[in-house]
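Respectively, the protein sequence lines represent chains Z and E. Position 399 of the first sequence, counted from 1, bears residue number 399 in the working numbering, the numbering being contiguous throughout. Position 191 of the second sequence, counted from 1, bears residue number 191 in the working numbering, the numbering being contiguous throughout. Worksheet: the structure to be examined is printed underneath.
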Amino acid sequence: MSGISRRTVLRGLGTAVALPALEIMSGSPLSAGTPSPVSGSGDAPKRMAFLYVPNGIHMPEWTPGKTGRNFELKKILKPVAEFKSKMNLLSGLTLNGARALGDGGGDHARSVAAYLTGAHPRKTDGKDIKNGISIDQLAAEEIGKQTRFSSLELGIEASSQSGRCDSGYSCAYSSNMCWRNPTTPVAKEVNPTAVFDRLFGKGKVKDRGEAKLKREKYKKSILDFVQEDAEALKRKLGAGDQRKLEEYLYAVRQIEKQLLGADKLYVPETDVPDYPRPAGVPSQYEEHVKLMMDMMVLAFQTDSTRIQTFMFTNAGSNRNYKQVGAKMGHHDSSHHRKNEDKIANIEKINTYHVTLLRHFLHRLDSVKEGDGTLLDNSMIMYGSGIGDGDRHNHSNLPIALFGSAGKQYETGRHLTFPKETPLTNLYVRLLDDFGIRVDSFGDSNGKLDI
Amino acid sequence: MPGQILPGQDLSFQRELYLSKVQPLVEKYCHDCHQGDSVEADFDLGGYPTADHVLEARDHWKKALQRIRFGDMPPPDDVEMPDPDRQKFVQSLDDLLNKIDCTGGTDPGRVTIRRLNRNEYRNTIKALIGLDYRPAADFPGDDVGYGFDNIGDVLSLPPILMEKYLTAAELISRRAIVTSGFDFDLDQQTLGKDLQGDGSPTNSLEKNLFTSGTARLRVNIPTDGDYEIEYVVYGQQAGNEPVKMELIAGRKSLRKTSIRAEEDNPVTLRKEHRFAKGFRSVGFRFLNDYYDPKNRDPNRRDRNLIIKSVRIRGPLGREPNLPETHQKIFFVQPGKKLSRDKAARQILTRIASRAFRRPASGEEINRLMKLVKLAEINGDNFETGIQLALQAILVSPHFLFKIEKPVPARQVRRLNDYEIATSLSYFLWSSMPDDRLFRLAHQQQLQNPSVLRAEVERMLGDVRSAELVRNFVGQWLQLRNLKELSIDETLFPQFNDKLLESMKKETELFAWDLLRRDASILEFLNADFSYVDRRLATHYQLDQVSFEGKKPEEFVRVSLAGSRRGGILTQASVLTLTSNPTRTSPVKRGRWVLDNLLNLPPPPPAPDAMELEDQDELKGTLRQRMQMHRKNPGCASCHAKMDPIGFAMENFDSIGRWREKDGSLPIDATGEFPNGKKFKGPQQLQQLLLSEKKDEFIRCLAEKMLTFALGRGIEYYDRCAVDKIVNHVKANGYRISELVIAVIESEPFQKRKGTSP
């Protein structure tokens, strides 16, 4: 066996980006015979991603008339027609936690907070936020250790800056769908450059070998230092403050883990994606979304993580999409009250998002892995925590599932489930297919048969 | 200072009130739906036999109060509650939930440790290090609670942010501290072999003085001053004494030294010397040659002096080319009188104390010294060691969080001077205390009310208080939401990001003007001036404003006396941020007034309000359409309070331009308060707010400012403090500085309660 003899470098537009210096390059025992998770002939890893769009969907143009295999795609899903055979369309699922249940308005904040947790978030716009753990974070806790990043949380809009976000709900709810535990939302990254740098380092080619080792040694001592600080402080402070320091310590430990796990990234040079380092946040929405999706594909492809989430916007977004002729705000037109102009507007937006989804699926599907593609080895859920935007209901959600995590289930079908079947039953099933057995998740009352 | 113990609250007033006034009304109007077998909204009134039970569920009851106040409860289509009953209900329930005895020791509340938000982080780095670290703008957004982004409970620290803090610390310390290539006017390195005079080169690099003699070099001294001569030498030892050498400058002997070092371990010697400008000579003389060819040990036969290299640099004492950030940190240098360790300790003590906003402990410095040592062990220089320690300081929880000393359970203590300094500076400047505040804290002067007052006035007068406008006013009035708006630019071709920026700037400059003049806070509603640039002047049709001699983007203060504008409700920023992308929204405007000027946020819409599926197509002007919509009694009660306020602003379109018509129909800008008072147009609305709702407005502003100053939400027990602030402001001409001072002098600002055990 031999180490990697040449520098493993990503060549970009005028930038040469080095992958983190790997133990393997110095021929460490770790490298001996470690199969590439990407090109290896063994079992390819399973990946999961959850994508979210706000304000529900105009359901008449989403739900096919027929169930089973012989269903016709309606207008909104047409852009992903080429992936019909790799898709399962799941109708009839319900997100009960997003309902008011006596808490009044605030469907948007509630629906995104409940989307991946199945919990009923506590109505507050200040302290004492409380939700549930989200499926991606649960999976990350279970299997995240196998990759450098347990999970990646991405999106387009950062947390809102001001004001209560939705009828008495904190912005922490409406701008975060990932929750590490009931009180800790996981902020998302919106800058593609930052994602790239996290994945592949800043590309200081000279910063290698001894210098790099020394730098890491220093970094570890700094982490040790602050960890001592935080532990000592935590013992002295009251309960509310302790919670903050626990967040701090958790963050520090995560980073330590990444530092130690840097050697887990093994990408043969031939398989290194030829992708330029993005130059900041694009001003155009479409370009921004596509770049973030490309980052997601890179992250999966290099097995930097197996779990990702992506928010097309924050909850209740009133963004307009003039680029596709949708001049009215998204939220405003979702309450169309049968007004034709508004319906046309919301349809355009719904269809546009699916067009962008197509970009993601296409990229995933063009990465060959073993006999199939990266898409085949993934399960990609796309949908919203609101059903029909006009009604703001939380039953019969628009949920589409792409890929099968390596043939865990059949695809190419439209399935309809009995009224009030919890969306979280699907999560129990997906976790199961991911190799994580749970008795229940959120408000689940069984495991979905798909 | 010993803490004060809080007395338990006496609830006899509340118990009496509940039984005599609240409960009868609850039974009469609420029991139908909220008691018995089928309880609406999970709110079972059977569970509240006494006031104690009610107060345990205070938050629930507060929501009920809000709904009763807005006429949303009891449901108007179901139960009729006459106005006198409603007033009585609201008054007595409000007293029950919120009235508190202000004569005894009141609860100052507690504040969860607050992480620096990204704006505070950037400002603090600027003040601490002297660098503007822009990537701070890239940190993930800070979560918002109670309308502000500096709330301890809400500000979280996800791993992704911690990563960014680490990267930032590394970058900042690298930029701040120079670790190599110190820029001296002269930094001349000479290899031994290049020395002139006696001796001969060995192994091509060194100079071997094998007989007594002198090797010299010439150096061109750029200016008079102290220079350091650093020379690396060793000896080939022989005989019964070590190699002896002399360092010479010109003809002057500087130092005689015995060199015991040998080839495998050469010694570095340094000597400072004052040189005059011009070509000078530096010499190395070998003093004790020795040769004994008969020695049994062939390695001990010949004594020679070997010179490996010489470095001369200077002038010392001034390092003009080091960045200011570096000089600020290295305020002492290790040297003759100060060991490296002592210098490092002094440097770290100063920077850590400033970063932690209180004196750093000896133990903390000891631990930081370990990092300095670590760098040394790894062959890095002094500066790198300090750099490493600085990195650790910048990611320490003591820096990233504003931490106050814990208070024992049920006790109350006054903040110490350093904590006051920190609270003050983050409130008024969104940044760390400056040197003067630190000095006053050190002298324990900030407990002294007159000193504190003088400091507040100084701070408000300082340009850094622009941060108070940006962060407090910007969030209070929700100006920050402007950048997230999407306005339909085909309907409003005049609209663009630059105009949006001008709108925001107008309101900021306006507020800044009030602050600088220490004006009355009532001017927010009745000012007769504002600020416009060319873009806004056109937008407002202010043709007579002269921009002669002004730069393209410059704003001028304009008088609005006698015009249609004046006060924030007529400013394009507020009018635009309360509009929809394609049209105005009287609902949003009305709600904005209730929420931000009167602190009376309407309750959220009823759960079924959004699910009205079969509403007929609505026709007519916006007002007519909305009136039809309000026919639904479930919506009507609240909208009757929001919409009429918003209608008064209908003469301003959704980007704040004046208009006479909405489409083809004339605008009707009459509005009405819930109490029936009618008005027309926003200026009358503002006047009415001042005459009828002045106390509510002041209270609203006081509560918002207290929230921002404390970094926590306002609780019922803050009522005494808020009352005091309101009274103080009213008694002192409504001046802004008096509002700020009253907030700072308030108990919740000055004191903390311990957490319950």
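Here a beta-carbon is modelled for each residue, glycine too, at the ideal position from N, C-alpha and C. These numbers come from a predicted model, not from an experiment.
**OP:** Report yes if the C-beta distance between Thr50 of chain E and Tyr29 of chain E is below 8 Å; otherwise report no.
**Re:** no
**OP:** Quick one: give me the first and last residue of the alpha helix (DSSP H) that Met293 of chain Z is part of.
**Re:** Tyr285 to Gln301
**OP:** Let me know the secondary structure DSSP gives Leu453 of chain Z once reduced to three states.
**Re:** With chain Z running from 1 to 450 in the structure shown, residue 453 of chain Z is simply not present.
**OP:** Count the other C-beta atoms from every protein chain shown that fall within 10 angstroms of the C-beta of Ser2 of chain Z, then say buried if there are 16 or more, exposed otherwise.
**Re:** Since pLDDT at Ser2 of chain Z reaches only 32, below the 50 mark, its modelled position is unreliable, and no value is offered.
Original post:
So Gly283 of chain E is in the alpha helix (DSSP H); what residue range does that whole segment cover?
Top reply: Premise fails: Gly283 of chain E lies in the beta strand (DSSP E), Gly278 to Phe286, not in any alpha helix (DSSP H).
Original post:
On the premise that Leu11 of chain E lies in contact with Asp52 of chain E, defined as a C-beta separation below 8 Å, what is that separation, rounded to the nearest angstrom?
Top reply: 6 Å
Subject >> Test item: CB-CB of Leu371 of chain E and Ala343 of chain E under 8 Å >> reply: no
**OP:** Tell me, please, whether the CB atom of Met610 of chain E is closer than 8 Å to any CB atom in chain Z?
**Re:** Its pLDDT being 45, under 50, Met610 of chain E is placed unreliably in this model, and the coordinates cannot settle the point.
**OP:** Report the partner residues of Lys207 of chain E according to the DSSP bridge assignment.
**Re:** E:Pro201 and E:Ile307
Original post:
Among the residues of its own chain, which have a CB less than 6 Å from the CB of Ile343 of chain Z, if the five just before and after it don't count?
Top reply: His336
Original post:
Between which two residues does the beta strand (DSSP E) harbouring Gly213 of chain E extend?
Top reply: Gly213 to Ile221
Subject >> Neighbouring residues, chain Z, relative to Val783 of chain E (Cβ below 9 Å) >> reply: There is simply no residue 783 of chain E to check, as chain E begins at 1 and stops at 757 in what is shown.
Subject >> Tyr218 of chain Z in three-state terms, based on DSSP >> reply: helix
**OP:** Check distances from the C-beta atoms of the segment 324-336 of chain Z to those of chain E and list, in chain order, the residues that come in under 8 Å.
**Re:** Lys327, Met328, Gly329, Asp332 and His335
Original post:
Which residue or residues does DSSP assign as beta-bridge partners of Phe652 of chain E?
Top reply: E:Trp658
**OP:** Would you check if there are 3 or more beta carbon pairs closer than 8 Å linking the segment 388-398 of chain Z to the segment 53-60 of chain Z?
**Re:** yes
Subject >> Neighbour flag for Phe312 of chain Z against chain E, beta carbons, 8 Å >> reply: no
**OP:** Pick out whichever of E:Val39, E:Pro75, E:Gln87 and E:Met73 has its Cα sitting closest to the Cα of Lys21 of chain E.
**Re:** E:Gln87
Subject >> Residue-level contact to chain Z via CB, His398 of chain E, 8 Å cutoff >> reply: yes
**OP:** Would you give the residue range spanned by the alpha helix (DSSP H) that Arg414 of chain E belongs to?
**Re:** Segment Gln411 to Arg414 is the beta strand (DSSP E) holding Arg414 of chain E; no alpha helix (DSSP H) there.
Subject >> Beta-carbon spacing of His353 of chain Z, Phe312 of chain Z below 8 Å >> reply: yes
**OP:** Below 9 Å between beta carbons is the criterion; list the residues of the segment 25-59 of chain E that meet it against any residue of chain Z, in chain order.
**Re:** Glu40, Ala41, Asp42, Phe43 and Asp59
**OP:** Work out the CA separation of Asp187 of chain E and Thr214 of chain E for me, nearest whole Å.
**Re:** 23 Å
Original post:
Val186 of chain Z and Pro158 of chain E look like a contact to me (Cβ under 8 Å); what is the Cβ gap, rounded to whole Å?
Top reply: 5 Å
**OP:** Can you give me the start and stop residues for the beta strand (DSSP E) that Met381 of chain Z sits inside?
**Re:** Ser378 to Gly383
Original post:
Name the DSSP bridge partner or partners of Asp302 of chain E?
Top reply: E:Tyr291
Original post:
So, does the CB of Gln254 of chain Z fall closer than 8 Å to a CB anywhere in chain E?
Top reply: yes
**OP:** Report the option in E:Arg354, E:Gln478 and E:Ala441 whose CA atom is closest to the CA atom of Met432 of chain E.
**Re:** E:Arg354
Subject >> Same chain only: Cβ atoms within 6 Å of Tyr173 of chain Z, ignoring 5 sequence neighbours per side >> reply: Ala109, Ala113 and Pro121
**OP:** Would you check if there are 3 or more beta carbon pairs closer than 8 Å linking the segment 567-582 of chain E to the segment 480-491 of chain E?
**Re:** yes
Subject >> Segment limits, alpha helix (DSSP H) that includes Ser304 of chain Z >> reply: Careful: Ser304 of chain Z lies outside any alpha helix (DSSP H) and carries neither H nor E.
Subject >> Any chain E beta carbon closer than 8 Å to Arg319 of chain Z >> reply: yes
**OP:** Mind checking the segment 175-191 of chain E against chain Z and listing, in chain order, the residues whose C-beta falls within less than 7 Å of any C-beta there?
**Re:** none
Original post:
Between the segment 535-555 of chain E and the segment 287-297 of chain Z, do at least 3 Cβ pairs fall closer than 8 Å?
Top reply: no
Original post:
With 16 as the cutoff for other CB atoms within 10 Å, does Ile377 of chain E come out buried or exposed?
Top reply: exposed
Subject >> Close Cβ partners of Lys277 of chain E (< 8 Å) along its chain, the five nearest in sequence each way excluded >> reply: Ile221, Pro222, Thr223 and Asp224
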